[in-house]
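Going by the working numbering, the sequence shown runs without a break in its numbering and finishes at 169.
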Amino acid sequence: MRKRGLIGAEVEIRVPFFDVDSIHVVWHGHYVKYLEQARCELLDQLGHNYDAMRASGYAWPVIDLHLRYAQPAQFGQRLTVRAELVEWENRLKINYLILDTASGTRLTRATSEQVAVCIETREMQLASPAVFVDAVRRKLQSLEIPA
Numbered sequence: 023m024r025k026r027g028l029i030g031a032e033v034e035i036r037v038p039f040f041d042v043d044s045i046h047v048v049w050h051g052h053y054v055k056y057l058e059q060a061r062c063e064l065l066d067q068l069g070h071n072y073d074a075m076r077a078s079g080y081a082w083p084v085i086d087l088h089l090r091y092a093q094p095a096q097f098g099q100r101l102t103v104r105a106e107l108v109e110w111e112n113r114l115k116i117n118y119l120i121l122d123t124a125s126g127t128r129l130t131r132a133t134s135e136q137v138a139v140c141i142e143t144r145e146m147q148l149a150s151p152a153v154f155v156d157a158v159r160r161k162l163q164s165l166e167i168p169a
């Protein structure tokens, strides 16, 4: 059973022609681009996007990424991509769903993990920097969810 996130975001995408192959289904590598759009929306909602991460002195490289394809997305199809933050104290773990917007049918499920790396020293941090954890706590408080 997948862990549900307390904080989530979603974006809608219409599959463009340049993302599909010769049989008009989305090439598997483009799904990562869709996940990134939802992840950026999630970070924007936290008030701690990639620009803020860099300004705080940390980069957050992806260290693990898993995708499970259930059904292919097709040219012109409208997709809803959901991202949910499920872990943040020691790493950034996000669960994703890509759904057909019209029917709600699940097309893809994914998970990504990122860790904080000090930009100056290039050392991986064993715990998420306080500046990021504080941003998550502020968002949880604004949603009236205990941190």
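No residue lacks a Cβ here, since even glycine has one placed at the ideal position from N, Cα and C. Note that this is a predicted model, so its numbers are computed, not measured.
Jot down the residue ranges of each uninterrupted beta strand (DSSP E) in the region 88-114, minimum 3 residues, whole runs only, in chain order.
100-109
Below 8 Å between beta carbons: does that hold for GLN93 and LEU129?
Counting from one through the sequence shown, the residue named residue 93 turns up at place 71. Counting from one through the sequence shown, the residue named residue 129 turns up at place 107. A contact, by the Cβ cut-off of 8 Å.
Does the Cβ-Cβ distance between TYR80 and VAL139 come in under 8 Å?
Residue 80 sits at position 58 when you count from the first residue of the sequence shown. Residue 139 sits at position 117 when you count from the first residue of the sequence shown. Result yes, Cβ atoms of TYR80 and VAL139 sit closer than 8 Å.
Residue span of the beta strand (DSSP E) that contains VAL33, given as start and end
Sequence index remark: in the sequence shown, residue 33 carries index 11 (1-based). VAL33 -> beta strand (DSSP E) spans 29-36.
Alpha-carbon spacing of VAL33 relative to THR143, whole angstroms:
As a position in the sequence shown, residue 33 is number 11, starting the count at 1. As a position in the sequence shown, residue 143 is number 121, starting the count at 1. One C-alpha to the other measures close to 35 Å.
On the three-state DSSP scale, how would you describe ARG144?
Within the sequence shown, numbered from 1, the residue matching residue 144 stands at position 122. Coil at ARG144, not helix or strand.
Cα-Cα separation, PRO83 to ARG90:
Against the sequence shown, residue 83 aligns to sequence position 61. Against the sequence shown, residue 90 aligns to sequence position 68. Roughly 21 Å between the two C-alpha positions.
Give every residue of the same chain whose Cβ lies closer than 7 Å to the Cβ of MET23, excluding the five residues on either side of it in the sequence, and list them in chain order.
Working through the sequence shown from its first residue, we reach residue 23 at position 1. Only weak support exists for where MET23 lies, its pLDDT of 47 falling under 50; the coordinates are left without a value.
Taking the alpha helix (DSSP H) that GLU63 falls in, what are its first and last residues?
Residue mapping note: residue 63 aligns to position 41 of the sequence shown, counting from 1. 52-68 is the span of the alpha helix (DSSP H), which, as asked, contains GLU63.
Between ASN117, TRP49, VAL42 and LEU165, which lies nearest to LEU57 when the distance is taken from Cα to Cα?
Position 35 of the sequence shown, counted from the start, is the residue given in the question as residue 57. If we check each option's Cα against that of LEU57, ASN117 comes out closest.
Report back the beta-carbon spacing between ILE141 and TYR53 to the nearest angstrom; my notes put them in contact at under 8 Å.
Along the sequence shown, one-based indexing puts residue 141 at 119. Along the sequence shown, one-based indexing puts residue 53 at 31. Contact doesn't hold; Cβ gap of about 29 Å is too wide.
DSSP three-state assignment for SER134, whether helix, strand or coil
Counting from 1 along the sequence shown, the entry for residue 134 is found at position 112. DSSP places SER134 in strand when its eight states are reduced to three.
Check for me: the alpha helix (DSSP H) holding LYS161 runs from which residue to which?
Start at 1 with the first residue of the sequence shown, and residue 161 comes out as number 139. It spans 152-164 - the alpha helix (DSSP H) in which LYS161 sits, taken as one unbroken run.
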